[in-house]
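Inspection log for the structure reproduced underneath, given as structure tokens.
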Amino acid sequence: MPELPEVETTRRGLAPHLTGATLSEIHVRQARLRHPPDATALSTLCGQTVRALERRAKYLLMHFDTRTLIVHLGMSGSLRLLPEGEPLRPHDHVVLGFGPQQLVYHDPRRFGGFVLAHTESLPDHALFRHLGPEPLSDALTGDYLYRLSRGRRQGVKPFIMDQRIVVGVGNIYATEALFSSGIRPDRPAGRISRTRYDCLAQAIKAILSAAIEQGGTTLRDFVNGHGKPGYFAQTLQVYGREGTPCPACQRPLRLLRLGGRSSVFCASCQR
DNA sequence: ACTGGCTCCTGAGGGC
DNA sequence: TGCCCTCAGGAGCCAG
2 MPELPEVETT RRGLAPHLTG ATLSEIHVRQ ARLRHPPDAT ALSTLCGQTV RALERRAKYL
62 LMHFDTRTLI VHLGMSGSLR LLPEGEPLRP HDHVVLGFGP QQLVYHDPRR FGGFVLAHTE
122 SLPDHALFRH LGPEPLSDAL TGDYLYRLSR GRRQGVKPFI MDQRIVVGVG NIYATEALFS
182 SGIRPDRPAG RISRTRYDCL AQAIKAILSA AIEQGGTTLR DFVNGHGKPG YFAQTLQVYG
242 REGTPCPACQ RPLRLLRLGG RSSVFCASCQ R
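Heads up: the first sequence begins at 2 in the numbering used here, then just goes up one per residue.
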């Protein structure tokens, strides 16, 4: 999935085409998603215009006249804009018609979905209430991570992947940011110095920003709003490269399993 | 309060 | 060729 850079890439690709467009029809072809789309509720958006397309964490927010349609891409989701009448493929679960173009939600693993919410109460919405700050905002600092991590024995990698701590950092970018800042993924979060958290916070921002610039990371099937892959995969230093030489010291990269997620790291460069 | 483990689902890839 | 196992970009829920 889509981590933050992939959702942001999708948002940037779609915004110029969807902003100001009026929804003409909605087809829910498969409602059994993690967040099941309610076809009846969604149909009340027909005739309304998209006022803005925003992102919060890994959620895409489609603001209509009276309500906001929240879209999550789960692990394998993508949105693409097609000419009306273009043939659909397997796992194209929801189609939003905007006159001559259609926005197609595709999600083989069905971990994503759609939630309709009242725009004015979005910050209080159950999906958003407990989310941490945006990683590219000034709220994410080394000092912030340092303070929240005190007393925690959990590994630093699951710690920075916890959306209550900071949003948008998934397995790929957590792995890369820890390599970049020289911190072992299994080091207890509470046993890392303020200085090293400064370095980690900067690495998270730098890597997410670079990934957005490159259109995100395509491992299997991520595509932006126009069906194009992202190019950050070629920039990845360690993710998915266990057993191959560390780009810095040439020693073989090792694999750990932390919180059920694979974590590649260099035992020599990361302490 | 934290933490790790399990779960939802489909598809790809490796070993035999 | 085919079968079975493991793993994959997320994240909510549960028990200890």
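Quick reminder that beta carbons are idealized off the backbone N, C-alpha and C, glycines included.
Among the options, which residue has its Cα nearest to the Cα of residue i?
i	options	result
A175	G216, F129, R262, H119	R262
H18	L70, K59, H73, G100	G100
L257	T23, G244, A32, A16	G244
C270	F233, Q102, D187, F180	F180
S77	S210, A40, H94	H94
F65	Q31, L237, T23, K158	T23
F266	E177, R111, A234	E177
H119	R110, P136, E85, I71	I71
G86	Q102, D39, S44	Q102
A16	A53, D39, T41	A53
Y198	L43, C247, L141	L141
D108	P91, G217, C200	P91
K206	P159, A249, D139	D139
Determine which residues share a DSSP beta bridge with residue i and list them.
i	result
G156	P189
H36	G114
V72	L61, F115
V29	V95
E55	L62
T50	T23
Y232	T218
Can you give me the Cβ contacts of residue i inside the same chain, cut-off strictly under 6 Å, excluding the 5 residues immediately before and after it?
i	result
P189	R154
R111	L34
H28	V96
C200	S182
With a Cβ-Cβ cutoff of 8 Å, do residue i and residue j count as a contact?
i	j	result
R68	L83	no
V332	G21	Because the chain is modelled from 2 through 272, residue 332 falls outside the range shown and cannot be assessed.
G169	E4	yes
P134	V105	no
P6	L237	no
G191	R148	no
G156	R195	no
Q251	G231	no
L254	P186	no
A202	L137	no
A32	A40	yes
A212	T218	yes
Just to confirm my understanding: we take residue i, look at its own chain, exclude 5 residues before and 5 after, and list those with CB closer than 7 Å. What are they?
i	result
V8	R56, K59, L61, L74
P37	G114
V116	H36, I71, L128
S25	C47, G98, F99, G100
A204	A178, S181, S182
L220	A234
G226	T11, G14, L15, L80, R81, L82
G228	R81
V224	S79, R81, P230
P159	L259, G260
Could you name the residues of the same chain whose beta carbon sits closer than 8 Å to that of residue i, not counting the 5 residues immediately before and after it, in chain order?
i	result
R30	L89, D93, H94, V95, V96
Y240	N172, I173, T176, E177, V265
R130	P124
R272	G183, I184, R185, R188
M162	V170, G171, N172, A175, G260, R262
A268	R185, R252, R255
A249	C267, C270
C247	V239, P253, L254, C267, S269, C270
L132	R57, A58, Q164, R165, V168
Contained beta strand (DSSP E) runs [length at least 3] in the stretch 74-116, N- to C-terminal order: 79-84, 93-99, 102-107
Alpha helix (DSSP H) runs contained entirely in the stretch 234-268, provided each spans 4 or more residues: none
Alpha helix (DSSP H) runs contained entirely in the stretch 174-220, provided each spans 4 or more residues: 195-214
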